[in-house]
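Residues 93 to 375 (this note's numbering) make up the sequence shown, in order.
C-beta atoms are modelled at their ideal positions from N, C-alpha and C, and glycine is treated no differently.
Presented below is the structure to which this report refers.
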Amino acid sequence: MQEALVREESLVSSSSEVRRSQLLRALLLGAGACAAGEWEESAAATGLILLPPAKLTNEYFLVRAGESEVETQGFIMTNPVAKTSMDSGLSKLGRQQVLSTIQQLQDLGACTANCWIWPSITQRAYQTAELVASAFTVGRSRIVPEYSFLDARGLGSYEGRSLAQIQEVYESDRESAFYRPPAFVDGTPNESVNDVLVRVRQLMSILETQYQGDQVVIVSPDSDNLSVLQAALLGLDLRQHSSLAFRPGEVRKVVLSGEAPPRPTSGFFKCKQLRNRQWDCTV
């Protein structure tokens with residue numbers, strides 16, 4: 093009996109060693125793949141879109157919502173707690189900007205077939221989406237509210253400060269895509285450019301999986317979601333995302349690097365093609 097128990101314990105121990113060795117081997121292989129630059133397989137395994145992508149299955153239009161009441165007053169408000177407050181809703185100027193948004197979308201050929209509108213639930217973004225949907229006779233069932241991936245970039249201790257001070261954040265962004273504004277006592281998130289990239293990459297991965305050959309209008313409450321996304325799609329340096337900043341109400345159609353230069357209807361920035369077929373976009 094004792095000899096049988098010893099053999100059983102030996103088998104269990106051996107089995108555990110096999111499992112541990114298999115796990116270690118898997119980890120080492122994973123590390124080797126990363127070291128060899130095989131990030132594409134890793135991304136495919138997680139279901140995340142590759143950035144920059146070789147192609148997209150849908151046609152995308154990036155829209156910054158019209159100005160909110162708080163923005164018109166010149167203040168920063170990025171705490172997600174305030175997303176649905178009246179102060180986050182469109183101001184009179186913001187509604188006028190959305191009229192320009194609608195015209196830009198028409199000029200770019202948006203919502204001609206199989207159109208979906210994906211707005212943040214932040215008031216100004218969702219209100220912008222409703223006005224766009226009405227203009228293009230898109231049914232409410234095709235307005236898909238996004239609850240977190242399109243939140244305005246959390247600016248931490250800059251909450252409540254002048255909008256002009258956001259330039260200080262952008263100066264730090266140019267130093268590092270991992271820079272985070274100082275934390276704030278009220279719990280406002282303090283996000284880096286890379287944090288924003290994680291969110292918008294998840295959103296694009298969902299859209300590319302959920303739709304095929306459709307037109308998708310993405311409506312963000314702020315510029316950073318869109319400028320970071322556009323920089324990533326074009327394969328540009330994320331630290332320079334602010335050079336792609338969106339004005340309130342501005343629209344851009346997503347055009348990948350290998351196709352044609354991304355020409356914003358506002359002419360807010362210019363692009364030139366480099367030798368490696370990437371696009372360098374500056375103000």
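Option in the options with minimal Cα separation from residue i
i    : options                   : result
I235 : D199, L148, L247 and C207 : C207
G139 : G181, T301, N171 and S315 : T301
A221 : D243, A205, S180 and V311 : V311
I213 : A225, G181 and T193       : G181
V224 : G158, Q257 and Q322       : G158
Straight-line gap, residue i to residue j (C-alpha atoms, nearest Å)
i    : j    : result
E251 : V277 : 10 Å
R331 : V285 : 8 Å
L191 : V290 : 31 Å
S183 : F241 : 24 Å
E260 : S335 : 14 Å
F153 : G186 : 19 Å
P340 : A324 : 21 Å
A174 : Y218 : 14 Å
L200 : K345 : 7 Å
S177 : I298 : 27 Å
Q307 : R232 : 16 Å
S268 : Y262 : 10 Å
A337 : L142 : 23 Å
Q189 : S226 : 15 Å
R266 : I194 : 32 Å
Q386 : A146 : Given that the chain is displayed from residue 93 to residue 375, the structure contains no residue 386 and the question cannot be resolved.
Q257 : Y303 : 39 Å
D316 : P172 : 15 Å
L115 : A205 : Summary for L115: the model assigns pLDDT 39, below 50, so the residue's position carries little reliability, and this model does not support an answer.
Proximal residues to residue i (C-beta, below 7 Å), its chain only, five neighbours per side dropped
i    : result
S264 : Y271
F228 : C203 and C207
V90  : Given a span of 93 to 375 for the chain in the structure shown, any question on residue 90 remains unanswerable.
V230 : C203, C207 and I209
L377 : Residue 377 cannot be examined here, being either before or after the span of the chain that is shown, 93 to 375.
Cut-off 6 Å between Cβ atoms - residues of its own chain near residue i, not counting five sequence neighbours on either side
i    : result
G248 : P273, P274, A275, F276, T280 and N282
W246 : With the sequence shown as reference, residue 246 is identified as Gly, and Trp is not the correct amino acid for it. T170, T280, P281, N282 and E283.
T164 : S183 and L185
V162 : M169 and D179
P211 : A217, Y218, A221 and V311
8 Å Cβ cutoff, residue i in contact with chain D
i    : result
R232 : Although the question refers to chain D, the structure presented lacks it and comprises just one protein chain.
Where residue i falls: helix, strand or coil (DSSP)
i    : result
K345 : strand
Y250 : helix
N317 : helix
P281 : coil
Q304 : coil
Cβ pair residue i, residue j closer than 8 Å
i    : j    : result
Q196 : V309 : no
D179 : A244 : no
N150 : G327 : no
E238 : L295 : yes
Q198 : S160 : no
Close beta carbons around residue i, own chain, < 8 Å, minus the five adjacent residues each side
i    : result
S426 : Since the first and last residues shown for the chain are 93 and 375, residue 426 lies out of range.
Any non-hydrogen atom of the ligand GDP within 7 Å of residue i CB
i    : result
A205 : The ligand GDP is not part of this structure, which contains no ligands at all.
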